[in-house]
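Q: Take this structure first; my questions come after.
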Amino acid sequence: MKKSLLIILAVLFVLTGSQSCSKKKGEKPTVPPLNTFVMESSDFESSNGPQRLDQTASYDHWTHSSVNVLFWQTILTINLVVPVAAYKEALNQTPKWKGAKKGWVWAFTTTVGNFKYTCKLHAKHQNNGEVKWEMFLTQDGGFKDFKWFEGTSDFNNTYGNWLLYKEPKSAQEYIKIEWKKNPTTGYEDIKYTNVLKDDNGKDSFIHYGHHNNIIYNSFYNISLTNKNQNTVNDINIEWHDKNKEGRVKDPVKFLDSDWHCWGVNLLDEQCFQ
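Position 192 (the sequence shown) corresponds to 191 in numbering that gives the first Met the number 0; numbering is contiguous.
This is the structure we're talking about:
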């Protein structure tokens with residue numbers, strides 16, 4: 000009887016220890032896809048713009064939309080070139096379990112311009128089922144272990160957020176990213192918000208989304224804040240990513256609250272919806 004009891008206790012001890020260890024380690028998480036970090040903007044790049052075969056034609060509505068989208072894209076590209084490069088490379092790497100303190104770690108190097116960076120992306124399972132992410136970068140001959148961004152996501156990568164810091168010198172909170180994905184409906188979106196303290200454009204944002212609407216299946220909502228002038232300009236853009244038809248609403252530009260449309264050739268046209 001005693002022997003049987005000891006065997007049962009030993010089995011329970013092994014199972015409990017195994018479950019505890021598994022809980023600490025957790026299943027290997029997958030880095031959220033690139034489009035949870037980098038916004039889609041190709042439909043409004045100059046290479047996809049109008050050919051202007053007719054010099055008298057007006058492309059004002061599409062062009063105005065393009066300027067506002069690429070304004071944000073340029074800011075993000077210039078200021079986030081290093082963390083974006085690190086993120087892209089992390090997607091090609093395989094993590095290793097480094098213990099409960101460090102969690103899962105993607106360790107690698109990447110080169111941006113003339114500088115080489117050592118990157119370490121840490122992932123830890125949280126009690127609420129989410130995954131906590133932290134990216135540390137070290138520049139050869141420069142800064143060391145700077146946490147350039149951090150964030151959380153659910154394990155299945157259907158929602159999450161990122162917080163990016165301005166630069167190693169200041170380490171100020173700079174851009175907040177919020178994203179969602181619904182594999183069932185095909186809906187996805189990503190929103191960048193300027194959270195830089197005391198910045199004139201603080202609280203400005205660009206919100207991109209894609210869904211299955213027949214007429215317009217993509218959108219940008221843009222809000223431009225000017226703290227010095229105490230003004231906010233909201234711009235709404237909708238278009239179809241296949242036939243390229245779209246429309247824009249901007250009260251400051253057009254002096255009304257109406258939609259202003261363009262057709263498949265990007266020419267201005269009357270709105271019918």
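Note that CB positions come from ideal geometry on N, CA and C, so glycine has one too.
Suppose you measure from the CA of W238 to the CA of S41; what does that come to, to the nearest Å?
A: 13 Å
Q: Would you mind sorting F148 into buried or exposed? The rule is 16 or more other CB atoms within 10 Å of its CB.
A: buried
Q: Give the DSSP bridge partners of Y219, in chain order.
A: Y207 and I236
Q: Looking only at its own chain, which residues have a Cβ that is under 7 Å from the Cβ of I74, when we skip the five neighbours before and after it?
A: none
Q: Assess, as a yes-or-no matter, whether the segment 63 to 77 is touched by the segment 152 to 161 under the definition of 3 or more beta carbon pairs within less than 8 Å.
A: no
Q: Which value, in whole angstroms, describes the spacing of the CA atoms of H259 and I174?
A: 30 Å
Q: Answer with buried or exposed for W261, where buried requires no fewer than 16 other C-beta atoms within 10 angstroms of its C-beta.
A: W261 comes out buried.
Q: Using a Cβ-Cβ cut-off of 8 Å (strictly less than) and excluding sequence neighbours within five positions of D240, which residues of its own chain qualify?
A: Taking C-beta separations shorter than 8 Å and ignoring five residues to either side along the sequence, the partners of D240 in its chain run D42, H209, N216 and S217, following chain order.
Q: Going by DSSP, which residues form a beta bridge with C118?
A: F107 and L136
Q: Nearest CA to the CA of G140: which residue from N235, S65, N156 and F114?
A: Checked all of N235, S65, N156 and F114; the closest Cα to G140 is F114.
Q: Which residues in the same chain have their Cβ closer than 7 Å to the Cβ of S222, if we skip the five residues on either side of it in sequence?
A: S203, F204, V231 and D233
Q: Name the one or two DSSP bridge partners that H259 has.
A: V247
Q: Quickly, what does DSSP pair Y86 with across the bridge? List them, please.
A: DSSP lists no partner for Y86.
Q: What residue range does the alpha helix (DSSP H) around T73 cover?
A: The continuous alpha helix (DSSP H) containing T73 extends over residues D59 to N78.
Q: In this structure, how does DSSP classify K168 when only helix, strand and coil are distinguished?
A: coil
Q: Beta carbon of K165, beta carbon of E177: below 8 Å?
A: no
Q: For K97, which residues from the same chain have a beta carbon less than 6 Å from its beta carbon, with the 5 sequence-adjacent residues on both sides left out?
A: V104
Q: Taking DSSP as the reference, what is the three-state secondary structure of N34?
A: Helix, per DSSP.
Q: Considering only residues of the same chain and omitting the five flanking positions on each side of K27, which have a CB-CB separation below 7 Å?
A: Correct list, in chain order: P94 and W103.
Q: Determine the extent of the beta strand (DSSP E) in which S152 is found, giving its start and end residues.
A: F145 to D153
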